[in-house]
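Engineer: Residue numbers (our numbering): 860 to 1262. Note that beta-carbon positions come from the ideal geometry of N, C-alpha and C, so glycine has one too.
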Amino acid sequence: MNSIKKITANLILICFLFLQSGVLVLAQDTKQETPPIPIIGQERKQESPEKKLINSNQKFIFHGHAEINEGNTPEENIFTGEVSKVTEGTTLKMTVSSVLSTGFNIEGDEFFAEITDDLYVEGGVAIPAGTIAHGTVSGMESSKRLGRDAYVNLKFDYLITPDGREIPIEASMTTQVGKAASVAKVVAQDAGITLAGGVLGGLLALKWLGIGTAITSNGYTVAGGAGVGALLGAGYALGRKGEQVFIAPGDEIKVEIDSSIELPVISEEALKEEEKHLDGLNIKIANYKLEKDPFGELNTITLSLLIKNQTEKTFSSFDMALINDYKAVYYASPFGSTDLWFQKIMPNSYISGNLSFAVDNPKRKHWLVFYDNRTRKPLARISVNNAIRRIDKEKKENKKKKK
């Protein structure tokens, strides 16, 4: 709900700025300019109609171009030399870049999504996080009576990796559940307000006469089977509409690969994010957790930190922050772990504890930054994503050892 409010507020602000700038441009354009005084004996140069049109609308034309740089090939050293097969049915986690809704999208609408998790294969990564996927709305249907929810079908046809490769792909996802599950869900939820015998009768009627009959008759077979005791409850179920689909930017979707594809394996070393280190300050992110805030939003990143300070500087939690790849800065949050909140990290000391940060989108890349407490100049910058990759790798290796 909070995310919907944020989106609405941002849209209103953008519309206001757009209208305001448009009014200013029109006001400037409507000013009458004094025509130039012709020089005697000199013929006035006639402009072509096309040039007159361009000049008269110069303020309203956007100039730009698009290029495909074919010379921009990926660096060879990012690959291990191995090729891996990504099989049909493999799941990719993504977040969409724009709102997708059965309320205002139509079939054929295009959109982009970003892969949020590395797709690991033997020896490295086949599809790295940050890869952009191009998709289209391949089908949709609004909510209907009998509590049947709306659904949207999405198709994906190519990927663009961070190293610039374009990969053809066949992948899809749907929010649609089977008609059996949809109708049974409504019976289970809505007929629950009637007598127990009525619920049982409705379910038996659905089983004996079939879902097709229940749908084509607008669900009256359910009411008939339920009997007189369930008539009011079944009538409510018939009239209730299902929910619309609303996928907001930042929401995670799970996309299934429909056709196997062979891809070169990228080394994990090549995917490491750039970091900045301060001599004498050793920082290790030992663990990472994504937790809910008091409002139920899954947006709190909690880091388990091991810090060894052999510098002459003193640090505190107020000298630390998370910064994402959009340069947004997030300081330590009181809604989460506060182990390090009031602890000083003195010179020649070692300290450990947890610290939480409330962020807008936990799926973005983040860095833990240490600032100079006087100049506020960033002194160290540690990649959270590098730490997550290392932690995941250690967990997998430990599982193999146990087997």
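#1: Let's see if you can read the secondary structure: which residues bound the alpha helix (DSSP H) around ASP1251?
#2: Over the uninterrupted beta strand (DSSP E) stretch that includes ASN1012, give me the two end residues.
#3: For GLY1084, which of helix, strand or coil comes out of DSSP?
#4: Measuring straight from C-alpha to C-alpha, what distance separates VAL942 and ARG1248?
#5: Am I right that SER1215 and PHE1194 are in contact with their C-beta atoms under 8 Å? What's the rounded C-beta distance?
#6: According to DSSP, is PRO1221 part of a helix, a strand, or is it coil?
#7: With contact counted as at least three CB pairs below 8 Å, one residue from each stretch, are the region 1226-1242 and the region 1115-1127 in contact?
#8: Run the CB neighbour count on PHE1201, radius 10 Å, all protein chains shown included, and call it buried at 16 or more, exposed below.
#9: Looking at the structure shown, is ASN1141 part of a helix, part of a strand, or coil, going by DSSP?
#10: What number of angstroms, rounded off, separates the C-alpha of THR946 from the C-alpha of LEU1018?
#11: Out of ARG1240, ALA1187, ARG1233, which has the shortest C-alpha to C-alpha gap to ILE1144?
#12: Does the region 968-978 come within contact of the region 1100-1110, defined as at least 3 CB pairs closer than 8 Å?
#13: Measuring alpha carbon to alpha carbon, tell me which residue in ASN1168, LYS1252, LEU1130, GLU1256 is nearest SER1208.
#14: What does the Cβ neighbour count give for PHE1015, buried or exposed, with the cut at 16 atoms within 10 Å?
#15: Quick one: is VAL1114 buried, meaning 16 or more other Cβ sit within 10 Å of its Cβ, or exposed?
#16: Within its chain, find whatever has a CB closer than 6 Å to the CB of PHE1105; leave out the 5 residues flanking it on each side and keep chain order.
#17: LEU1130 by DSSP, collapsed to three states: which one?
#18: Exposed or buried, LYS1282, counting other C-beta atoms within 10 Å across all chains shown (16 or more means buried)?
#19: Inspect the beta-carbon positions of LEU978 and LEU951 and report whether they are closer than 8 Å.
#20: How many Å lie between SER1118 and THR1197 at the Cα?
#21: Report the partner residues of VAL1124 according to the DSSP bridge assignment.
Structural biologist: The structure says:
#1: From DSSP, the alpha helix (DSSP H) with ASP1251 extends over 1243-1261.
#2: Going by DSSP, ASN1012 is part of the beta strand (DSSP E) stretching over 1010-1019.
#3: Confidence in GLY1084 is poor, its pLDDT being 40 and thus under 50, which makes the residue's placement unreliable; the coordinate value appears in the next sentence. Helix at GLY1084.
#4: 21 Å
#5: 7 Å
#6: Annotated three-state conformation of PRO1221 is coil, per DSSP.
#7: Too few Cβ pairs lie closer than 8 Å, so no.
#8: exposed
#9: strand
#10: 16 Å
#11: ARG1240
#12: no
#13: ASN1168
#14: PHE1015 comes out buried.
#15: buried
#16: SER960
#17: LEU1130: helix per DSSP, three-state reduction.
#18: In the structure displayed, the chain extends from 860 to 1262; residue 1282 sits before or after that span and is not available.
#19: Yes, these two residues count as a Cβ contact at 8 Å.
#20: 47 Å
#21: Paired residues: none, contrary to the question.
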